[in-house]
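Working notes, beginning with the structure itself.
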Amino acid sequence: MATSAPTIDLQTGEEARETAAISPARLIGRRFLRNKLAIAGGVVLILLYLSALFADFIAPVPYTEVREDYVFLPPQLPRFLDEQGNFHLRPFVYGLESELDMETFRFVYSEIHEEKYPIKFFVEGYEYKLFGLIPFNRHLYGVDEPGVFYLLGSDDLGHDMVARVFKGARISLTIGLVGVILTIIFGATLGTISGFYGGALDTMIQRVIEFLMSFPAIPLWAALAAAMPPNWSPLQRFFAISVILSLIEWTGLARQVRAKVLSFREMEYSLAARAAGASDARIIFRHMLPNAFSHIIVVATLAIPGMILAETALSFLGLGIQPPQTSWGALLKQAQLVSVLLQQPWLLIPAFFVIAAVLTFNFVGDGLRDAVDPYSL
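Mapping of the sequence shown onto my numbering: position 133 corresponds to residue 172, and the numbering continues sequentially without gaps.
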């Protein structure tokens, strides 16, 4: 009885050789690019950080400008059709007049249809420093005086919500990155030392970690934030809050890095390096940390949303960023009253930016986690 000879799938063999020749970093990149949700999240994150970077360019007025004649002004939408049904190629807004409602003691705004103010782009306005260095006075959009254009409305002092939201994004998005950088420094360093040396040093570090993890996070953050001197500058307060947020977050990363280092310590390459006379520092920085780096990046990315939410909570409670500085949490502080939410729902707009930032960071973190998993398809 004749038997068929085994056949070799040449294409599969070529693919296997090609895969074997690709570096681990490129394999991770390929797997990450296959995750469409992570890519979409990354694009949104880039847009958020760019909008925070160019906040002064986007905003038509300074974020600290007070307009008592435009308090709680609802969002103004650009118009292309006027009241007569005529189409205008350039979008415009109508002039406004206000009247005090004697029942609610709030201003009620009505449009003056005889006054049209075209929306212009790349207009001249107040001067600021682009990237903090270059004097610049161009802005993305604006209208001629005496017209006003509040795309997202105004708050209780007549501040432009566009300027406040994007200026607040600088602190809310940056404080998460700074906090995570501190978390990586503390967690990776102490976790590596604990796992590599073991013994009494390992026991002491683990007991300190357990002690810190026993504290409830939000009350501890609130107590430390409330203890900050009120005369601190905004920069001092910013870095103090970053340190406070990373005070507990690093403990979880330290334990995970310790577990990784414990397994790496018994690997053949580590034993061979030690037998060859390599120093502890070389073994740690050449063999331990590079192998744990992908895991550290994933954990750090997934920790950023928690940092953003924590800063938002502290500022919402009045324990975080203080005026004249602003953040998303500080903006949401105005939306605590039910009456405000019912009459000025646009004050909740910063919450949608918080949700967008948290979700997109989670999407990117999940994509990185799947990409670094060698068993993922």
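Even glycine gets a Cβ: it sits at the ideal position worked out from N, Cα and C.
Using a threshold of 8 angstroms, is the CB atom of residue i nearer than that to any non-hydrogen atom of the ligand FMN?
{"i": "residue 324", "result": "In the structure shown, the ligand FMN is absent, as is every other ligand, since no ligand is present at all."}
Can you tell me whether residue i is buried or exposed? The criterion is at least 16 other CB atoms within 10 Å of its CB, across all chains shown.
{"i": "residue 45", "result": "Residue confidence is low: residue 45 scores 48 on pLDDT, short of 50, so the model does not pin down where it sits. Its coordinate-derived value is still stated next. Answer is exposed; the Cβ neighbour count stays below 16."}
{"i": "residue 299", "result": "buried"}
{"i": "residue 165", "result": "exposed"}
{"i": "residue 399", "result": "buried"}
{"i": "residue 271", "result": "exposed"}
{"i": "residue 406", "result": "buried"}
{"i": "residue 49", "result": "Note that residue 49 has pLDDT 44, beneath the 50 cutoff, so the model's placement of it is unreliable and no number is given."}
{"i": "residue 74", "result": "buried"}
{"i": "residue 47", "result": "Confidence in residue 47 is poor, its pLDDT being 44 and thus under 50, which makes the residue's placement too unreliable to answer from."}
{"i": "residue 396", "result": "buried"}
{"i": "residue 273", "result": "exposed"}
{"i": "residue 141", "result": "exposed"}
{"i": "residue 95", "result": "buried"}
{"i": "residue 161", "result": "exposed"}
{"i": "residue 149", "result": "exposed"}
{"i": "residue 222", "result": "buried"}
Restricting to Cα atoms, I'd like to know which of the options is closest to residue i.
{"i": "residue 98", "options": "261, 411, 232 and 187", "result": "187"}
{"i": "residue 266", "options": "279, 321, 136 and 287", "result": "279"}
{"i": "residue 370", "options": "179, 193 and 86", "result": "193"}
{"i": "residue 392", "options": "207, 177, 72 and 168", "result": "207"}
{"i": "residue 129", "options": "344, 119 and 111", "result": "119"}
{"i": "residue 123", "options": "94, 172 and 155", "result": "155"}
{"i": "residue 145", "options": "291, 350, 196 and 180", "result": "196"}
{"i": "residue 101", "options": "378, 364 and 374", "result": "364"}
{"i": "residue 335", "options": "288, 85, 147 and 395", "result": "288"}
{"i": "residue 218", "options": "134, 198, 347 and 240", "result": "347"}
{"i": "residue 281", "options": "329, 360 and 379", "result": "360"}
{"i": "residue 303", "options": "231, 386, 139 and 88", "result": "231"}
{"i": "residue 151", "options": "159, 163 and 136", "result": "136"}
{"i": "residue 386", "options": "261, 114, 104 and 153", "result": "114"}
Kindly identify the DSSP beta-bridge partner or partners of residue i.
{"i": "residue 165", "result": "DSSP, once it has assigned bridges, lists no residue as partnering residue 165."}
{"i": "residue 174", "result": "168"}
{"i": "residue 135", "result": "150"}
{"i": "residue 73", "result": "Partner(s): none; residue 73 has no beta bridge."}
{"i": "residue 159", "result": "181"}
{"i": "residue 199", "result": "193"}
{"i": "residue 241", "result": "Its beta-bridge partners do not exist; DSSP assigns none."}
{"i": "residue 140", "result": "145"}
What is the rounded straight-line gap between the Cα of residue i and the Cα of residue j?
{"i": "residue 205", "j": "residue 296", "result": "36 angstroms"}
{"i": "residue 215", "j": "residue 252", "result": "20 angstroms"}
{"i": "residue 403", "j": "residue 80", "result": "6 angstroms"}
{"i": "residue 143", "j": "residue 362", "result": "27 angstroms"}
{"i": "residue 342", "j": "residue 313", "result": "34 angstroms"}
{"i": "residue 181", "j": "residue 91", "result": "19 angstroms"}
{"i": "residue 408", "j": "residue 66", "result": "13 angstroms"}
{"i": "residue 389", "j": "residue 201", "result": "10 angstroms"}
{"i": "residue 330", "j": "residue 319", "result": "16 angstroms"}
{"i": "residue 411", "j": "residue 333", "result": "7 angstroms"}
{"i": "residue 339", "j": "residue 383", "result": "37 angstroms"}
{"i": "residue 30", "j": "residue 133", "result": "The chain is shown from 40 up to 416; residue 30 falls before or after that span and cannot be answered."}
{"i": "residue 169", "j": "residue 227", "result": "35 angstroms"}
{"i": "residue 41", "j": "residue 326", "result": "Because the pLDDT of residue 41 is 48, which lies under 50, any placement of that residue in the model is unreliable, and the number read from its coordinates should be weighed accordingly. Answer to the nearest angstrom: the Cα atoms are 54 angstroms apart."}
{"i": "residue 372", "j": "residue 306", "result": "53 angstroms"}
{"i": "residue 378", "j": "residue 366", "result": "22 angstroms"}
{"i": "residue 190", "j": "residue 246", "result": "53 angstroms"}
{"i": "residue 292", "j": "residue 350", "result": "20 angstroms"}
{"i": "residue 172", "j": "residue 77", "result": "34 angstroms"}
{"i": "residue 353", "j": "residue 257", "result": "8 angstroms"}
Any Cβ of chain C within less than 9 angstroms of the Cβ of residue i?
{"i": "residue 206", "result": "In summary, chain C is missing from the structure at hand, where a single protein chain is found."}
Taking the runs of the alpha helix (DSSP H) that are 4 residues or longer, which of them lie wholly in the segment 300-368? Within the segment 300-368, the complete alpha helix (DSSP H) runs of at least 4 residues fall at 307-314, 319-322 and 328-355.
At 4 residues or longer, what runs of the alpha helix (DSSP H) sit wholly inside the segment 89-135? Counting whole runs of 4 or more residues, the segment 89-135 contains the alpha helix (DSSP H) stretches 94-97.
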